[in-house]
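Note sheet for the following structure.
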Amino acid sequence: MISNSPAMKPARRTFLTAGIAATGLALATQTPAQSPARKAPPVWLDLDQEALDKAYDQAFYAQNIETLIKRCEWNTEVARRRIGEPRKIAYGPSEHETLELTTAKRTGAPVHIFVHGGAWRGSSAAQWGYMAEVFVANGIHYVAPDFINVIQAKGSLVPMVEQVQRSIAWVYRNAASFGGDPNRIFLSAHSSGAHLAGVALTTDWQAEFGLPNNIVKGAVLVSGLYDLKPVRLSSRSSYVNFDDEIEHRFSPQRHLHRLSTPLVLVRGLLETPEFIRQSKDFADAAVKAGHPVELITGSQYNHIETVESLGNPFGLAGFAALKQVLG
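Under mature numbering (1 follows the signal peptide of the UniProt record, and there is no 0), the letters of the sequence shown match residues -28 to -1, 1 to 299, in that order.
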């Protein structure tokens, strides 16, 4: 069932803080951000074209986005001075298909994969590298794949999806080589990365890769996109090649019959109205389809602050991710 309670129960074990300050969880007590005033006719729900475009552009709702991104980059520098640089490994044939691997100090350990966002056209695994510290400090190997962006792919989402799928398959097939347990693979993702992860989670792994369909044992999807119809109507269509086939094929909410992974969905009430709605609608649809889903809503969190919390063992997303792996 969906859980959107004002407080979370403490985990059954103590998580190492790995040098990152603890923060409490503040869950849904705030009125969602209001849509901009509209004058033109609506093109999606109650949003006119200008409002819809802004609802898929974080700059209009996260005024401190540049500061937050710089802070994440600084956090990565600090974390890597403590835990060392990750190994860079190729998981596929193209120059874009590499991943960062940071290993825990034990064998047979679970593996956590993080898929970065960036509106499909930016960011990198390294930008969010500080997240590795919390996982390895708790005995969990950390993997973060890089992949082609949509600009490099000339507007196509297809190679992005395929590369994220290949990175997950690589982890499953090669986990034992770096001391990981292929039967304990977990995943988190943010924004457009959560969209790509959602597509991966609704993949027919047996048919496409010859792997078990429950390859991922749990996932925390942060501030993601799960139905592409409104995104197609927005200004993102200026750099993404949408058509009916792509819209349907890459909308995870339409393929829940293939979902076999327990989900935690995270959103913040200072996000855009569409990102707030997308998480809630996906959670509702997944529950209706009979899947285990927890929806966590953070008061006073914008789009970047939700994912920043993944690097904090007591943060909105970090607590949920560690609880999934460690119980």
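From the three backbone atoms N, C-alpha and C, an ideal C-beta is built for every residue, glycine too.
Check: Quick one: Cα of Thr1 to Cα of Ala91, how far?
Finding: Counting from one through the sequence shown, the residue named residue 1 turns up at place 29. Counting from one through the sequence shown, the residue named residue 91 turns up at place 119. Low confidence applies here, because Thr1 scores a pLDDT of 41, under 50, leaving its location unreliable; read the following figure in that light. Their Cα atoms are separated by approximately 28 Å.
Checklist line | Length at least 4, wholly inside the segment 215 to 252: the alpha helix (DSSP H) runs in chain order | finding: 216 to 221
Margin query: Can you tell me whether Leu288 is buried or exposed? The criterion is at least 16 other CB atoms within 10 Å of its CB, across all chains shown.
Written below: Within the sequence shown, numbered from 1, the residue matching residue 288 stands at position 316. So Leu288 counts as buried.
Checklist line | Proximity winner among Phe32, Tyr33, Thr75, Ala257, relative to Asp199 (alpha-carbon distances) | finding: Counting from one through the sequence shown, the residue named residue 199 turns up at place 227. When each option's Cα is compared against that of Asp199, the closest is Ala257.
Next item on the list: Could you tell me which residues DSSP puts in a beta bridge with Glu72?
Entry: Position 100 of the sequence shown, counted from the first residue, corresponds to residue 72. DSSP, once it has assigned bridges, lists Lys60, Ala116 as partnering Glu72.
Item checked: Integer Cβ distance of Gln135 from Glu69, believed to fall under 8 Å -> Indexing the sequence shown from 1 puts residue 135 at position 163. Indexing the sequence shown from 1 puts residue 69 at position 97. Contact flag correct, Cβ pair sits at about 6 Å.
Check: Along the chain, where does the beta strand (DSSP E) that runs through Arg156 open and close?
Finding: The residue you call residue 156 lines up with position 184 of the sequence shown. For Arg156, the enclosing beta strand (DSSP E) starts and ends at 152 to 162.
Checklist line | Cβ pair count under 8 Å reaching 3, the segment 68 to 82 against the segment 105 to 113 | finding: yes
Next item on the list: Let me know the secondary structure DSSP gives Pro92 once reduced to three states.
Entry: In the sequence shown, residue 92 corresponds to position 120, counting from 1. The residue asked about is misnamed: residue 92 is Trp in this sequence, not Pro. Coil, per DSSP.
Check: Of all the CB atoms in chain D, is at least one closer than 8 Å to the CB of Ala51?
Finding: Absent from the structure is chain D; it holds one protein chain and no more.
Check: By DSSP, does Pro82 sit in helix, in strand, or in coil?
Finding: Walking along the sequence shown from the start, residue 82 turns up at place 110. Three-state DSSP puts Pro82 in a strand.
Check: Using the C-alpha atoms, what's the distance from Ala97 back to His229?
Finding: By one-based count along the sequence shown, residue 229 stands at place 257. By one-based count along the sequence shown, residue 97 stands at place 125. Roughly 30 Å separates the two Cα atoms.
Note to self: Rounded to the nearest angstrom, what separates Leu294 and Ile268 at their Cα positions?
What the structure shows: The residue you call residue 294 lines up with position 322 of the sequence shown. The residue you call residue 268 lines up with position 296 of the sequence shown. Computed Cα separation, rounded: 15 Å.
Check: Ordered along the chain, which non-local residues of its own chain (more than five positions away) have a Cβ less than 6 Å from that of Ile276?
Finding: Locating residue 276 in the sequence shown gives position 304, where the first residue counts as 1. Once the five neighbours on either side are set aside, the close Cβ partners of Ile276 are Ala34, Ile37, Leu40.
Next item on the list: Indicate the three-state DSSP secondary structure (helix, strand or coil) for Pro266 in the structure shown.
Entry: Reading the sequence shown from its first residue, position 294 is the one you call residue 266. According to the sequence as given, residue 266 is Glu; it is not Pro. In this structure, Glu266 counts as strand in the three-state DSSP scheme.
Item checked: Proximity to Gln21 [Cα-Cα], best of Lys60, Ala148, Arg204 -> Locating residue 21 in the sequence shown gives position 49, where the first residue counts as 1. Cα-wise, what sits closest to Gln21 is Arg204.
Notebook entry, point to check: Quick one, are the C-beta atoms of Ile157 and Val83 less than 8 Å apart?
Noted result: The residue labelled residue 157 in the question sits at position 185 within the sequence shown. The residue labelled residue 83 in the question sits at position 111 within the sequence shown. The answer is yes: Cβ separation under 8 Å.
Margin query: So, for Pro264: in the same chain, excluding its five sequence neighbours on each side, which residues have a beta-carbon less than 6 Å away from its beta-carbon?
Written below: Position 292 of the sequence shown, counted from the start, is the residue given in the question as residue 264. For Pro264, where only same-chain residues beyond five positions count, the Cβ hits under 6 Å are Pro234.
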